[in-house]
Amino acid sequence: MLIQFGQALSNYLYDIFIAKFDFWLVFGLAAQLAFAARFLVQWIASERAGKSVVPLAFWFFSIGGGLMTLIYGLVKREPVIIFGQLLSNIIYVRNVMLIFKNRQRESQTLSN
Numbered sequence: 001m002l003i004q005f006g007q008a009l010s011n012y013l014y015d016i017f018i019a020k021f022d023f024w025l026v027f028g029l030a031a032q033l034a035f036a037a038r039f040l041v042q043w044i045a046s047e048r049a050g051k052s053v054v055p056l057a058f059w060f061f062s063i064g065g066g067l068m069t070l071i072y073g074l075v076k077r078e079p080v081i082i083f084g085q086l087l088s089n090i091i092y093v094r095n096v097m098l099i100f101k102n103r104q105r106e107s108q109t110l111s112n
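No gaps in the numbering here: position 2 of the sequence shown is 2 in the UniProt record's numbering, and each next residue is one more.
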């Protein structure tokens with residue numbers, strides 16, 4: 001039974017990562033890496049500050065990785081990915097807009 005499970009798992013992984021290896025698989029993996037990099041950026045910034053912070057780079061990685069994942073979902077016709085990333089990217093862009101709006105407001109307050 002364990003040998004059968006091992007063979008089934010091997011066949012499954014071969015089918016996903018070898019048999020279906022193409023540009024879009026590489027693109028999708030790169031999208032996931034870009035998306036995951038945001039957590040590394042956030043963790044490093046928080047460690048340096050000694051508290052939980054969300055740097056602007058977090059949102060740029062969110063947008064970049066999210067858009068790449070959305071493109072992947074569109075090409076692969078994956079409705080779950082399309083729906084999820086479309087909504088998520090709206091939130092990411094809105095956060096960047098709020099950050100820039102707040103920075104502009106702070107700079108105007110400091111110049112007065």
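Heads up, the beta-carbon is just placed ideally off N, CA and C, and yes, glycines get one too.
Integer-rounded CB distance, given that residue j should sit under 8 Å from residue i
{"i": "SER62", "j": "ARG94", "result": "Between ARG94 and SER62 the Cβ distance is about 11 Å, and since that is not below 8 Å, they are no contact."}
{"i": "TRP59", "j": "TYR92", "result": "6 Å"}
{"i": "VAL54", "j": "GLN42", "result": "6 Å"}
Range covered by the alpha helix (DSSP H) that runs through residue i
{"i": "SER111", "result": "79-111"}
{"i": "ALA37", "result": "23-49"}
{"i": "VAL54", "result": "Here VAL54 belongs to no alpha helix (DSSP H), and DSSP marks it neither H nor E."}
Top-ranked residue by Cα proximity to residue i, from the options
{"i": "ASP22", "options": "MET97, PHE100, ILE99, LYS76", "result": "LYS76"}
{"i": "ALA34", "options": "GLY66, MET1, GLY73", "result": "GLY66"}
{"i": "ASN102", "options": "ILE90, GLY73, LEU56", "result": "LEU56"}
{"i": "TYR72", "options": "ILE18, PHE100, LEU29", "result": "LEU29"}
{"i": "GLY64", "options": "SER10, GLN32, PHE100", "result": "GLN32"}
Coil, strand or helix - residue i by DSSP
{"i": "MET68", "result": "helix"}
{"i": "LYS20", "result": "coil"}
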